[in-house]
Each structure stands twice: as structure tokens, then as C-alpha cells.
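Worksheet: the structure to be examined is printed underneath.
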Amino acid sequence: MNVHFKMVAGLSTLSLAALLLLAAPATAEVFHSKQSAFAAAFPAGADVEQVNVFLSDEDAAWIKSHAGVEWPGRLANVYVARKDGEPVAYGYFDTHKVRTLDETVLLVVRPDGHLEQVVQVAFHEPAEYRAPGRWLAQFRDRALDPKLSLKADIDGLSGATLTARALTASVRAVLALHQRKFGASPGDTKG
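Structure (C-alpha cells):
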């Protein structure tokens with residue numbers, strides 16, 4: 001009887017430990033500070049200035065109609081990288097939910113309105129849901145157009161559909177905001 005009790009107690013402890021491990025939250029990964037993200041995103045020697053862009057109701061409606069998603073709030077912090085006084089890139093930090101946890105990216109847009117790159121800053125979901133660099137590379141040189149969609153030119157991400165949706169929506173929203181507020185209009189944006 002004593003052996004049986006020890007065995008049940010041991011199994012209960014093991015079960016509890018396994019349950020706690022399974023219920024443990026995903027480990028957050030932070031890949032960049034703000035400054036290291038800028039270093040990864042902007043040309044060497046560029047001066048970076050933060051510009052606060054306020055969105056009117058009309059701006060928000062325009063962004064939603066052109067991007068197919070809403071911009072969160074009425075303020076956007078834009079980081080303008082300049083060389084010799086001329087803008088060479090615009091950076092937009094975006095934090096969004098993937099499943100239940102956040103991802104933060106720095107989206108870099110060229111003055112012509114095309115996306116230069118996506119820099120992953122932080123990812124709080126389990127690592128298997130994180131988009132690999134080669135998947136993110138498909139956004140490079142893209143402008144806001146109807147084909148910038150998972151239903152068109154953007155490949156899905158096997159096993160991480162929600163990540164693909166969230167990142168594609170983020171890219172579309174940033175490109176629409178950039179076009180609306182900075183005037184870059186690289187083509188048809190209806191989509």
C-alpha cells in the first residue's frame with residue numbers, strides 16, 4: 001500500500017510538472033533595440049528624425065479603403081532617414097497580434113513608395129510561428145497594389161497562417177499610410 005501511494009504521488013507530481021510546462025507562456029524574443037533596428041534598416045551615416053503624423057477621419061477612411069485594413073489609432077510615428085538633407089527611407093514600427101501575442105516589425109519604405117525591407121524587432125509567439133527571412137524578402141520592392149495579398153502574389157506561410165496574414169496586413173497598412181501622407185503613388189492602389 002505504501003508503494004502504491006508513492007507511485008500515485010510520483011505520477012501526480014510528474015503530471016503536474018508536464019501540465020505546467022505545457023501551460024507555460026511562449027518565450028518572448030526581442031531581436032533589436034530601436035537603435036539596432038535603425039542600423040539594420042537605414043543606410044550608414046543617415047540622420048534619423050522622428051515625425052509625428054496625425055490622421056484625420058478622412059485619412060483613416062482612405063487608408064482602410066486602399067489597404068483593406070485599418071490603421072490603429074490616429075497617430076503614426078514615422079522615422080525619416082536623410083542623407084544630405086534628402087529622405088532616403090521612412091521607417092514605421094508596427095506592433096500587431098499574431099495569434100494571442102504580439103510581434104513588432106520595422107517596415108522600411110523608400111521615397112518612391114516601395115517597401116525596402118521588413119526588420120523583425122520582437123516576436124512573442126512560439127518560434128515555429130515566426131516568419132523566416134526568405135519569406136519576408138518577398139515584400140521587397142513591392143508597392144501597394146491588388147496583388148500584394150495572400151490571395152495573389154504573396155505566398156502563404158505553412159504552419160503560420162496567422163503570421164502571414166498579420167504581416168501582409170501590416171505591410172498594406174504602412175504602404176497606404178505612406179502613400180496618403182507622403183504622396184508616393186507608384187501605381188494602382190485599389191485592392
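The opening residue of the sequence shown carries number 1 in the numbering used here; numbering runs sequentially from there. Where is the CB? At the ideal position from N, CA and C, for every residue including glycine.
Contact check, residue i vs residue j, beta carbons under 8 Å
i	j	result
Leu150	Thr163	no
Gly109	Tyr92	Before going further, note that residue 109 is Val rather than Gly in the sequence given. Their beta carbons are under 8 Å apart, which means Val109 touches Tyr92 by this criterion.
Leu101	Val118	no
Val98	Val121	no
Ala89	Ala81	yes
Endpoints, the beta strand (DSSP E) within which residue i is located
i	result
Lys83	75-83
Glu86	86-97
Phe54	47-54
Gln120	115-123
Where residue i falls: helix, strand or coil (DSSP)
i	result
Val174	helix
Ala164	helix
Leu144	coil
Leu107	strand
Cβ neighbours of residue i in the same chain (closer than 6 Å, five flanking residues each side left out)
i	result
Asp141	His114
8 Å Cβ shell around residue i - same chain, five flanking residues per side excluded
i	result
Gly156	Leu150, Ala164
Trp62	Ala176, Arg180
Where the alpha helix (DSSP H) containing residue i begins and where it ends
i	result
Glu58	57-67
Ala41	34-41
Proximity test, Cβ basis, 8 Å: residue i and chain B
i	result
Pro126	Absent from the structure is chain B; it holds one protein chain and no more.
Counted within 10 angstroms of its Cβ, other Cβ atoms place residue i as buried (16 or more) or exposed
i	result
Val171	buried
Glu58	exposed
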